[in-house]
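Working notes, beginning with the structure itself.
In my numbering, the protein residues as written are 222 to 295.
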């Protein structure tokens with residue numbers, strides 16, 4: 222089993238930065254990329270519910286409140 226990892230559409234200018242960051246953590250560049258991918262996946266798993274997205278864009282903080290009427294409550 223190989224330890225090679227390939228990252229698509231990576232800007233070549235980012236490669237030295239990745240090497241430097243990996244060195245500062247004492248890990249390989251491939252391991253740093255794996256960890257970054259894992260963090261991104263974990264963030265995507267905790268997606269908001271549709272009601273939370275609606276509240277974010279149209280809630281009290283945005284100055285728009287949807288009144289709840291009895292006909293919508295079950």
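For glycine and all other residues, C-beta sits at the position ideal for the given N, C-alpha and C.
Excluding residues up to 5 positions away in sequence, 254 lie with their Cβ nearer than 8 Å to the Cβ of residue 228 in the same chain. With contacts defined as CB atoms closer than 8 Å, residue 250 and residue 239 qualify as a contacting pair. Membership of residue 236 in the alpha helix (DSSP H) is indicated by the continuous run 235-246. Going by C-alpha positions, residue 261 is about 14 Å away from residue 252.
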